[in-house]
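So the structure is just underneath, and the comments pick up after that.
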Amino acid sequence: MNAAKIPAACAPWVRTRLRTAPGVTAALAVLVFVTAFLAAAFPRSVDAYETKALRHEVTTARPGLSVLDVSTPPPSLAVPRAAREQVMREAPRAEAGRALVKALPDPVRADVPLSSYGVGTTKPITADEPWLPRPDALPPRLHYAVPAALDEHSELAAGRWPVAHGKVTSTTGEVEAAVTEETAADLKMKLGSTLRVPTQNGKPLTVRITGLVTPLHPESGYWSVDPRYRAASLIPDPASAEPIFYWTGTLLLAPNTGPVLLETTGEPELYWRIAPDPSGLTAADAPRLKDAVASLENGPELLKLREVSGPNTELTTDLDALLDSYTQLRTAIGPVVAVAAVGIGAVAAVVLLMTGGLIGARRHHELALLRSRGGSLRGIGGRLLAETAVAVLPAAALGLLAAVLLVREARLLPAVLSAAAVGVLVCLALPLRTALQHRRPLLHGARDDLVDARPTRGRTVAELTLLVLAVGAVAALRRRGTTTGSDADLLVSAAPVLVGLIAALVLVRLYPLPLRLAARPVARLRGAIGFLSLARAGRASSGGTLPLLALLIALTTAAFGGSVLAGVADARDEAALGAVGADARISAEGRATSPLTDGFVRQVRAVDGVEDVASVRIEYRTPLAAAGDVTSDTERATLLGVEPESYAALARGTGLPAFPVASLKSGPGQDKVLPAIVSPAVAERLGKRPYTVRSQAGDIEVRVAGVLTRTSAVSDAEFLIVDAQRLARPDPTTLLVTGSSLDGRPLRAAARKAGPGVEVALRSAERERFVDTPMQSGAEQIYAAAVVAGAGYALLALLLSLLQTAPERTTLLARLRTMGLTTRQGRRLLAFEAMPQALLAALGGLAVGWAAIALLAPGLDLGALALAGGDPTTPYDAALRADPWSLALPAAGVVVLAAAVAGVQAWWASRRGSIKELRAGDTR
1 MNAAKIPAAC APWVRTRLRT APGVTAALAV LVFVTAFLAA AFPRSVDAYE
51 TKALRHEVTT ARPGLSVLDV STPPPSLAVP RAAREQVMRE APRAEAGRAL
101 VKALPDPVRA DVPLSSYGVG TTKPITADEP WLPRPDALPP RLHYAVPAAL
151 DEHSELAAGR WPVAHGKVTS TTGEVEAAVT EETAADLKMK LGSTLRVPTQ
201 NGKPLTVRIT GLVTPLHPES GYWSVDPRYR AASLIPDPAS AEPIFYWTGT
251 LLLAPNTGPV LLETTGEPEL YWRIAPDPSG LTAADAPRLK DAVASLENGP
301 ELLKLREVSG PNTELTTDLD ALLDSYTQLR TAIGPVVAVA AVGIGAVAAV
351 VLLMTGGLIG ARRHHELALL RSRGGSLRGI GGRLLAETAV AVLPAAALGL
401 LAAVLLVREA RLLPAVLSAA AVGVLVCLAL PLRTALQHRR PLLHGARDDL
451 VDARPTRGRT VAELTLLVLA VGAVAALRRR GTTTGSDADL LVSAAPVLVG
501 LIAALVLVRL YPLPLRLAAR PVARLRGAIG FLSLARAGRA SSGGTLPLLA
551 LLIALTTAAF GGSVLAGVAD ARDEAALGAV GADARISAEG RATSPLTDGF
601 VRQVRAVDGV EDVASVRIEY RTPLAAAGDV TSDTERATLL GVEPESYAAL
651 ARGTGLPAFP VASLKSGPGQ DKVLPAIVSP AVAERLGKRP YTVRSQAGDI
701 EVRVAGVLTR TSAVSDAEFL IVDAQRLARP DPTTLLVTGS SLDGRPLRAA
751 ARKAGPGVEV ALRSAERERF VDTPMQSGAE QIYAAAVVAG AGYALLALLL
801 SLLQTAPERT TLLARLRTMG LTTRQGRRLL AFEAMPQALL AALGGLAVGW
851 AAIALLAPGL DLGALALAGG DPTTPYDAAL RADPWSLALP AAGVVVLAAA
901 VAGVQAWWAS RRGSIKELRA GDTR
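Taking the UniProt record's numbering, the leading residue of the sequence shown gets 1, the next gets one more, and so forth.
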């Protein structure tokens with residue numbers, strides 16, 4: 001008989017195992033699914049928010065910064081006049097615009113509807129009409145342009161659209177034009193107004209206003225790249241030493257009248273303002289986009305443009321500056337996010353290894369039996385690999401699919417590699433770890449106590465190696481931060497993980513000492529529960545480093561991530577407080593007399609939500625000298641007149657350094673000398689003696705009564721603070737308002753009633769200004785996810801470590817119940833047994849989390865993550881600080897969960913009979 005037709009003697013191994021333990025297989029698949037999803041979602045999330053940030057940077061920038069401005073002068077005078085005039089007409093310019101769009105290199109793409117083209121003068125032409133306004137006796141200097149599709153970007157407000165009568169040439173004597181309503185109002189232009197434009201041939205060109213238009217989208221590039229198109233403006237005369245101003249603006253000529261500008265003195269040019277289309281850009285395109293823009297400005301791609309529009313074509317843009325800003329923010333935030341990624345990746349790997357160890361421990365006797373009956377390590381490992389792969393690989397694939405469907409617009413390859421790494425780790429870890437434990441026969445019932453175990457030389461060498469790596473990583477991070485050039489340093493990013501690893505190894509070595517010390521006094525007590533629980537804790541496996549390592553890394557990652565988020569929030573609060581000075585600021589420094597009246601102050605106090613109002617008089621750039629000694633280079637400071645009690649309450653409410661009220665009160669015989677609280681630099685300048693300072697109401701004599709490094713009314717200026725009632729003019733110019741739920745609308749309404757020049761600034765609005773990029777919000781979301789995932793993996797690691805010894809504890813309870821142990825005593829026993837390791841992990845997590853933050857804070861800059869939307873020239877403190885809640889909550893959760901699991905297990909064991917646990921021959 002053919003051997004191939006002989007039926008199998010037994011059922012297939014994989015199918016049998018899956019049917020035997022479906023719950024374990026399903027739990028492993030779920031864990032792999034979640035871990036693979038997180039591993040695949042992380043790189044895709046980073047790609048997604050970096051892509052959104054790139055598009056946001058281009059989209060929200062002013063068109064004048066992002067547009068590609070292509071310009072070229074008309075052909076030279078050597079070219080026939082007819083050919084020069086033809087180039088200035090509509091059709092050739094439109095055709096050249098389409099060719100320029102096609103010539104753009106990838107990934108530069110044009111947003112054609114937002115792009116524009118036309119002809120315009122580059123130099124202003126003086127207009128001598130007597131009816132034009134002349135501030136400082138200077139006549140206006142106007143520009144003339146022929147933009148395409150004027151009727152598509154504006155609507156007619158009065159008159160009619162300008163048209164070209166006949167074929168316009170360079171010698172045409174009159175053309176029609178339109179102006180915006182704003183330009184007409186500023187330059188006193190009306191329908192029918194005419195301007196005589198000087199030309200090179202001596203015959204002036206007459207430009208007649210036939211229409212007033214209103215821009216449909218004033219913020220679009222059509223109107224805002226050159227603001228003179230939209231409105232006239234006053235600019236200073238550069239040829240005058242005095243501040244003398246004149247009007248300038250642009251008249252929009254009729255279509256197809258470009259040739260008429262050839263004879264003017266305005267030096268016309270052809271322009272194509274190409275708006276970039278960021279909708280197809282991704283974060284991976286940023287380097288290529290920057291290179292392409294550089295090539296367009298001065299490189300091979302510019303030569304291609306010149307083939308289309310002329311040999312003198314130039315391209316100018318600030319898009320490269322926008323890309324530089326994006327790259328700097330990405331470079332600053334990326335390494336900070338990498339720290340969270342390495343931490344979560346490490347704890348996930350440890351938890352997966354713990355899961356494999358738990359499954360292997362449960363099947364130890366089964367595999368030992370197979371090994372004793374002739375099973376080879378290769379055969380056992382292959383069967384374990386097959387049954388693991390059947391559950392793990394589909395789960396990893398599903399996790400990858402979920403990440404791809406949930407996080408769009410990101411690269412696929414990094415996600416595939418991350419999910420594959422999770423699947424490979426689980427598939428290899430379980431067979432290798434389990435099979436290698438059966439290389440040689442093990443003594444039945446051999447003890448592996450944690451208290452009695454002695455580390456081997458190999459373990460000592462490995463621990464010392466890890467210690468050196470951890471010290472090097474921490475030192476590198478403190479010295480040069482989280483980056484090396486433009487990329488994150490993986491070793492430096494792993495510094496928190498290495499710190500947690502070293503701490504776990506140290507704690508495992510120190511763990512037996514407190515157990516031995518606690519066991520001696522407990523042994524003298526009458527009850528057996530305490531001694532028995534400590535003895536049980538001491539008999540835990542010496543391989544308990546892995547659960548403790550998972551807990552410490554998870555707790556460290558959660559504390560680190562929570563502290564990063566708290567540090568970001570604190571930095572924004574501090575920056576907003578420094579900019580505003582209180583919860584709201586109402587200022588009228590520009591008003592000379594009685595800036596803010598007492599009635600207005602009472603009106604502000606009556607607004608809902610206002611808790612207190614501090615009135616301050618602010619005089620900026622006060623000379624630190626008497627009136628007769630003031631020169632141009634005299635040192636200056638900001639003089640603040642305050643109500644001492646209310647200003648001190650403001651300092652207490654905002655968390656600033658305490659304000660010394662008593663220091664502002666004059667001493668005996670010093671009624672004419674004003675005590676002043678000053679900044680350190682001013683204190684060094686004034687010294688200890690009375691000093692005469694010039695204020696807006698005259699000279700005052702002050703003496704230094706105290707020094708403050710920071711105050712509410714001003715953020716970074718040098719200052720002097722005196723009692724406002726001692727000034728000749730105590731009228732407040734600024735109100736600093738405090739309140740927990742301020743509404744800006746009634747405050748602004750009150751400010752409008754007070755008159756022009758009164759401005760309102762809210763601390764909440766200022767704080768929102770610091771979060772204006774998708775990169776910031778995306779990085780914060782990843783850190784929030786890291787905190788949640790770290791806490792979740794910590795709890796899972798604790799559950800796995802407790803589940804690994806659950807059968808043994810169940811058997812112990814069954815045996816002790818036969819000796820009279822009550823259910824309540826059983827709960828106490830299991831709780832006391834679990835507490836040493838739980839407390840070790842919790843207290844170790846607190847200490848390691850605090851130590852990691854303290855060690856790594858000098859090398860971790862949160863400024864880009866917290867304050868990217870603020871003023872880059874203003875220094876703010878954005879340092880990493882330990883957040884007590886981020887440290888305490890995960891650690892407390894570990895202790896509570898350990899106690900809860902022990903209580904549930906004791907309750908469940910009490911509901912079951914003892915027959916199964918006390919079977920004859922069971923050696924558990």
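Beta carbons are placed, not taken as given, at the ideal position from N, Cα and C, and that holds for glycine.
Candidates the options: closest to residue i by CA position
i    : options                : result
G258 : A841, D47, P74, L54    : P74
L862 : R55, T822, F770        : F770
V308 : P623, L555, A94, L856  : A94
M176 : Y144, T183, A750, Y326 : Residue identity check: residue 176 is Glu in the sequence provided, not Met. Checking every option, the nearest Cα to that of E176 belongs to Y144.
L413 : V30, T20, F42, G360    : F42
V179 : R196, K167, V146, S170 : V146
G903 : T327, L887, L816, L802 : L802
S646 : L31, T172, P660, R815  : P660
G356 : P858, V336, Q804, G299 : Q804
T317 : V225, L840, V760       : V225
R479 : E90, V901, A857        : A857
S66  : L821, P278, E174       : P278
P657 : V707, G687, V702, A29  : V707
G266 : L216, N312, K123       : K123
Inter-residue Cα distance where the pair is residue i and residue j
i    : j    : result
A571 : A717 : 20 Å
A148 : N256 : 9 Å
R694 : A866 : 40 Å
A4   : T557 : The pLDDT assigned to A4 is 49, lower than 50, so where the model puts this residue is not dependable; a value taken from the coordinates is nonetheless given after this. Going by the C-alpha atoms only, they are around 57 Å apart.
V260 : P238 : 29 Å
R621 : V404 : 58 Å
F600 : T59  : 42 Å
A292 : L315 : 12 Å
L253 : L262 : 14 Å
L501 : L549 : 6 Å
L323 : L843 : 46 Å
A637 : D723 : 16 Å
L31  : R383 : 21 Å
A157 : A184 : 12 Å
A518 : L534 : 8 Å
Residue i burial status per 10 Å Cβ neighbour count (16 or more: buried)
i    : result
M819 : exposed
A592 : Caution applies to A592, whose pLDDT of 47 falls short of 50 and renders its modelled position unreliable; the value that the coordinates give is listed next. Exposed.
R602 : exposed
R520 : exposed
V499 : buried
A82  : exposed
D731 : buried
S115 : buried
G280 : exposed
L270 : buried
First and last residue of the uninterrupted beta strand (DSSP E) at residue i
i    : result
H165 : No beta strand (DSSP E) contains H165, which DSSP labels as neither H nor E.
S372 : Where S372 is concerned, there is no enclosing beta strand (DSSP E), although the alpha helix (DSSP H) it sits in stretches over 364-372.
S615 : 612-623
E152 : That residue, E152, is in no beta strand (DSSP E); its alpha helix (DSSP H) goes 150-153.
A584 : 584-587
I209 : 205-215
Terminal residues of the alpha helix (DSSP H) in which residue i lies
i           : result
residue 931 : Residue 931 lies beyond the residue range present for the chain, which begins at 1 and ends at 924; the question has no answer from this structure.
R81         : 81-87
Proximity test, Cβ basis, 9 Å: residue i and chain B
i    : result
T172 : In the structure shown, chain B does not exist; there is a single protein chain.
Count the C-beta pairs between the segment 181-194 and the segment 209-222 that are closer than 8 Å, then say yes if the count reaches three, no if not.
-> yes
Check whether the segment 35-50 touches the segment 116-134, taking contact to mean three or more Cβ pairs, one atom from each stretch, closer than 8 Å.
-> no
Is the segment 877-897 touching the segment 845-854, taking contact as three or more C-beta pairs under 8 Å?
-> yes
Would you call the segment 214-233 and the segment 162-177 in contact, with 3 or more CB pairs under 8 Å?
-> no
Does the count of Cβ pairs from the segment 708-717 and the segment 573-582 closer than 8 Å reach three?
-> yes
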